[in-house]
Structures are given as structure tokens and as C-alpha cells.
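Take a look at the structure set out below.
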Amino acid sequence: MFRDGLSDRGGVEHFDWALFIAAALVAVVGVVNLYSATSVYTQSRADLYVSQVYFLVAGGALAVFVAAVDYRIIERYAWWLYGPALVSLAVVLALAKDIRGASRWINIGGFSFQPSEFMKLVLIIALGRYFQDAPRTEAPRQVKDLAAPALITGAPVLLVLAQPDLGTALILSLIALSIIALLRVKWWSPGGALLALAALVGAPLAWEYGMRDYQKTRLLSFIAPEADIRGVGYHAHNARIAIGNGGLFGQGYMRGSQNQFHFLPDQYTDFPFPVFAEDWGFVGSVFLIALYAFLVLWALKIASQAKDRFGAVVAVGVGALVFWHAIFNLGMVTGLLPVVGVTLPLFSYGGSSVLTVLIGLGLLMNVSIRRPSLSAVRVGGSLLR
Numbered sequence: 231m232f233r234d235g236l237s238d239r240g241g242v243e244h245f246d247w248a249l250f251i252a253a254a255l256v257a258v259v260g261v262v263n264l265y266s267a268t269s270v271y272t273q274s275r276a277d278l279y280v281s282q283v284y285f286l287v288a289g290g291a292l293a294v295f296v297a298a299v300d301y302r303i304i305e306r307y308a309w310w311l312y313g314p315a316l317v318s319l320a321v322v323l324a325l326a327k328d329i330r331g332a333s334r335w336i337n338i339g340g341f342s343f344q345p346s347e348f349m350k351l352v353l354i355i356a357l358g359r360y361f362q363d364a365p366r367t368e369a370p371r372q373v374k375d376l377a378a379p380a381l382i383t384g385a386p387v388l389l390v391l392a393q394p395d396l397g398t399a400l401i402l403s404l405i406a407l408s409i410i411a412l413l414r415v416k417w418w419s420p421g422g423a424l425l426a427l428a429a430l431v432g433a434p435l436a437w438e439y440g441m442r443d444y445q446k447t448r449l450l451s452f453i454a455p456e457a458d459i460r461g462v463g464y465h466a467h468n469a470r471i472a473i474g475n476g477g478l479f480g481q482g483y484m485r486g487s488q489n490q491f492h493f494l495p496d497q498y499t500d501f502p503f504p505v506f507a508e509d510w511g512f513v514g515s516v517f518l519i520a521l522y523a524f525l526v527l528w529a530l531k532i533a534s535q536a537k538d539r540f541g542a543v544v545a546v547g548v549g550a551l552v553f554w555h556a557i558f559n560l561g562m563v564t565g566l567l568p569v570v571g572v573t574l575p576l577f578s579y580g581g582s583s584v585l586t587v588l589i590g591l592g593l594l595m596n597v598s599i600r601r602p603s604l605s606a607v608r609v610g611g612s613l614l615r
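Shown next as C-alpha cells:
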């Protein structure tokens with residue numbers, strides 16, 4: 231399974247310890263924080279941290295498997311993954327159970343999973359396969375050349391919006407845009423002007439006909455955060471209080487008042503960071519954010535040293551997945567972005583989210599251990615010419 235001159239021993243020698251340690255630190259700190267976040271609940275929720283450990287072990291095993299298989303084998307089956315993933319999103323609309331006005335989960339034998347989470351990885355792999363097969367060119371691409379990537383991205387985005395899940399749809403779109411940022415595109419062209427015009431016309435139409443009332447309310451609450459702090463603005467308001475309560479060094483582990491007195495809702499799913507910030511303060515928060523920043527920058531470094539375009543796209547895509555999840559989650563809990571229900575990678579409770587991130591990191595490790603020697607390094611962006 232190890233190709234290109236990498237024997238089994240060579241794979242171990244090329245093991246990316248920096249990537250592994252950073253991811254492991256985030257996961258361990260996440261479990262510790264989850265224990266604090268759920269300590270105020272009855273037994274049924276207090277044991278969620280145990281389930282999280284199981285998810286991490288299962289995800290870690292999958293990550294090892296994904297890292298061990300030559301990623302060109304995964305590239306070969308990209309479209310075989312993409313097709314069923316689209317079908318699973320369609321099945322969600324027909325069979326999924328409605329929770330809080332959204333249908334996102336499929337239940338099989340007592341196990342629930344969220345197909346849209348795994349679609350993020352499938353989209354990265356599909357775009358990687360497309361750009362790997364695309365002909366090289368020294369000239370900048372035209373906007374019309376982005377039609378195929380737009381279709382590959384647009385199909386799952388529309389299906390996810392129909393669930394409705396605005397947060398995941400935004401993540402899928404931004405992952406694709408992050409990958410396209412590697413391209414040299416001639417945006418100042420008739421095609422670019424038409425695209426800009428379509429965006430200007432489409433924005434008010436999307437607001438009027440594409441968004442649910444509760445999504446509009448959330449966005450309006452972001453514009454006027456203090457207008458309804460006992461209603462739609464309750465989550466974000468109390469999250470900001472918790473973060474402020476942490477001060478420089480925090481109130482102490484499992485001593486955060488906002489969490490302990492039940493003022494923080496969804497603190498183990500969408501709002502785990504306020505619990506952490508209140509317990510560990512500014513210093514702890516900077517440490518956690520630095521770990522995420524390292525993972526993203528390390529992914530870009532791996533992309534810059536990838537041996538082919540598929541590897542570069544996968545590395546950038548996984549880095550974008552971690553980046554945009556962290557940006558949206560930290561932004562919404564600090565009041566910098568609207569509340570859109572996006573998890574914090576390896577920190578929020580949830581099997582589908584944890585498995586998706588760990589499999590993604592396994593893909594990143596796969597590309598990393600199969601990088602060429604430093605003497606043969608090429609810039610990732612040039613791989614998409």
C-alpha cells in the first residue's frame with residue numbers, strides 16, 4: 231500500500247508527528263472540556279464525554295486506515311464516493327427525522343449519522359480528482375472554466391440547504407472556494423462580470439425565498455444583538471458573558487458560573503468554547519486557538535510539498551475544513567458572526583463531526599507521509615496550473 235519508494239518502514243519514518251500531536255492535544259482538551267460542560271447535567275448527559283472518547287477511538291482507527299492506503303487509490307474511487315454521498319443527502323430529505331425544524335440525521339439500528347458531515351470530505355476528494363484530471367495550462371483560467379467545479383459543489387450545497395442546514399452549506403461552499411483560490415483565474419472578464427451581477431441579483435432573492443424565518447431572525451439578531459437577549463439572542467449573549475467571565479486565567483476548571491448555573495445552552499455541541507474560556511481564561515483560549523492555527527498552517531505546508539495536484543487539493547481542503555469550522559464557531563460565540571450551528575472541530579460533541587474531522591486528518595497524514603524529499607518540493611498553487 232506504500233508506493234513511490236516508501237516501504238512500510240519508510241512510512242513510519244515519514245510519520246508526521248507534528249500533525250498527530252496537535253490533533254491529539256485538541257481532542258484531549260476537548261474531552262476534558264466536555265466533562266466540565268456536562269458536569270451540571272443528570273447521568274444521561276453527564277456520560278457524553280465517555281461517548282466522545284468512543285467516537286475518538288473509532289475515528290482514530292479510521293484515520294490510521296485512511297493514512298495507510300495510498301491516496302491515489304482513494305483518488306481512483308472519487309466519483310464512486312461522490313455519487314452515493316449525493317444519494318444519501320437526498321435520502322435525508324425523504325426519511326430523516328425532523329429535529330428542531332431540520333431533517334439532517336439518518337437513524338440505522340439505533341445509530342444516528344449526518345450525511346452532510348461526510349459530504350465535506352467527499353467534496354474535497356471529488357474536487358481533487360477533477361483538478362488532477364484537468365489539463366495543465368500556463369495561462370490564467372477563465373470564469374467559464376469553473377463551471378464543472380461549481381456543479382460538483384452546487385449539487386450537495388442545494389441538497390443541504392433543503393434540509394435546511396445553512397451552516398453546513400456555507401462550509402461546503404467555502405471549502406470549494408478555498409481550493410479554487412489555488413487557481414489563477416482571470417476574474418476581470420465578461421464571465422466574471424456576469425457572475426458578480428448574478429450574485430447581486432441573487433442575494434435579495436435568496437433572503438426572500440431561500441431562507442427560513444428562523445434563519446432570518448438569527449441574522450437580524452446578529453445585527454442587533456441586545457434586541458432580544460431572552461429570545462433568539464440568548465445563546466450568543468450568555469456565551470459572551472461566559473468568555474468575559476474567564477478573565478486572564480479563568481475561574482478554574484469546572485467552576486465557570488455561566489456553565490454551572492445553567493445559563494449556557496448547547497454547551498457541549500455548538501457552544502463548548504465559552505465553557506473552556508470561562509474555565510481557563512484568555513491564556514487557555516489563546517492556547518486552543520493556536521492549536522487550530524497550527525493545524526491549518528501545517529495543512530498548507532503539506533499542500534505546498536505535495537507531489538501532485540490531488541494531494542495539494544486534499545491538503546488545502548482539509549485545512550479549509552478545520553479553518554472555516556473554527557472561524558464560524560468561534561465567531562458566533564464571540565458575537566463576531568451570526569449563530570449558524572457549526573461545530574468546533576474535535577471539541578464539540580458529536581459522532582459524525584468527530585469522525586469526519588479525524589478521517590480528514592487521516593487524509594492529510596496520507597499526503598504528508600508521501601511528500602517528496604525537500605529537494606523536490608513544489609509550490610502547491612503551481613500544481614493547479
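Here our numbering is used: the first residue of the sequence shown is 231, the next is one more, and so on. Note that beta-carbon positions come from the ideal geometry of N, C-alpha and C, so glycine has one too. Computed from a prediction, not measured in an experiment: that's the story for all the values here.
> For Ala-253, which residues of its own chain have a beta-carbon under 6 Å away from its beta-carbon, when the five flanking residues on both sides are left out?
Replying inline: Closer than 6 Å at Cβ, skipping near neighbours: Leu-591.
> Can you tell me the Cα-Cα spacing of Gly-565 and Gly-289, whole angstroms?
Replying inline: Cα-Cα distance, rounded: 31 Å.
>> As a quick exercise: from Ser-281, Leu-357 and Val-280, pick the residue whose alpha carbon is nearest that of Glu-174.
In response: There is simply no residue 174 to check, as the chain begins at 231 and stops at 615 in what is shown.
>> For the structure I just gave you, are there three or more beta carbon pairs, one from the segment 299 to 319 and one from the segment 348 to 365, closer than 8 Å?
In response: yes
> Would you call Arg-414 buried or exposed, if buried means 16 or more other Cβ atoms sit within 10 Å of its Cβ?
Replying inline: exposed
>> Tell me the DSSP secondary structure of Ser-269 in three-state form.
In response: DSSP places Ser-269 in coil when its eight states are reduced to three.
> With 16 as the cutoff for other CB atoms within 10 Å, does Leu-527 come out buried or exposed?
Replying inline: Label assigned to Leu-527: exposed.
>> I need the straight-line Cα distance from Gly-561 to Leu-567, nearest angstrom please.
In response: 5 Å
> If you run the structure through DSSP and keep just helix, strand and coil, what is Phe-343?
Replying inline: strand
>> By DSSP's criteria, Ile-336 is part of a beta bridge. Which residues make up the other side?
In response: Answer is Phe-343, bridged to Ile-336.
>> Using the three-state DSSP reduction, which class does Asn-279 fall into: helix, strand or coil?
In response: Inspection of the sequence shows that residue 279 is occupied by Tyr rather than by Asn. Tyr-279: helix per DSSP, three-state reduction.
>> Along the chain, where does the alpha helix (DSSP H) containing Pro-495 start, and where does it finish?
In response: It is not in any alpha helix (DSSP H) - Pro-495 carries neither H nor E in the DSSP assignment.
> So what does DSSP say about Ala-542, is it helix, strand or coil?
Replying inline: helix
>> In whole angstroms, give me the CA-to-CA distance for Ile-405 and Glu-347.
In response: Near 13 Å, if we compare the C-alpha coordinates of Glu-347 and Ile-405.
> What separation, rounded to the nearest whole angstrom, lies between the Cα atoms of Phe-524 and Leu-407?
Replying inline: 21 Å
> Could you give the residue range of the alpha helix (DSSP H) that holds Pro-314?
Replying inline: 308 to 325
> Is the number of C-beta pairs between the segment 571 to 591 and the segment 493 to 504 that are closer than 8 Å three or more?
Replying inline: yes
> Within this structure, are the beta carbons of Ala-257 and Leu-286 separated by less than 8 Å?
Replying inline: yes
> If you draw a straight line from the alpha carbon of Val-543 to that of Leu-530, how long is it in whole angstroms?
Replying inline: 10 Å
> Can you tell me where the alpha helix (DSSP H) with Lys-374 in it begins and where it stops?
Replying inline: Lys-374 -> no alpha helix (DSSP H), and no H or E assigned at all.
> If you drop the 5 nearest sequence neighbours on each side, which residues of the same chain put their C-beta closer than 7 Å to that of Ala-392?
Replying inline: Leu-323
>> Distance check for Phe-245 and Arg-239, CA to CA, integer angstroms please.
In response: The pLDDT assigned to Arg-239 is 40, lower than 50, so where the model puts this residue is not dependable; a value taken from the coordinates is nonetheless given after this. Approximately 10 Å, taken between the alpha carbons.
> Whose C-beta lies closer than 6 Å to the C-beta of Tyr-522 among residues of the same chain, with five residues either side of it excluded?
Replying inline: Ala-556
> Got a sec? Which residues, its chain only, sit under 7 Å from Leu-311 by beta carbon, not counting five neighbours each side?
Replying inline: Val-352 and Ile-355
>> For Ala-550, count the other beta carbons within 10 Å of its own beta carbon; 16 or more makes it buried, fewer makes it exposed. Which is it?
In response: buried
>> Quick check: what's the CA-CA separation for Ala-298 versus Gly-474?
In response: 44 Å
> Got a sec, what are the start and stop residues for the alpha helix (DSSP H) Ser-403 sits in?
Replying inline: 396 to 410 is the extent of the alpha helix (DSSP H) around Ser-403.
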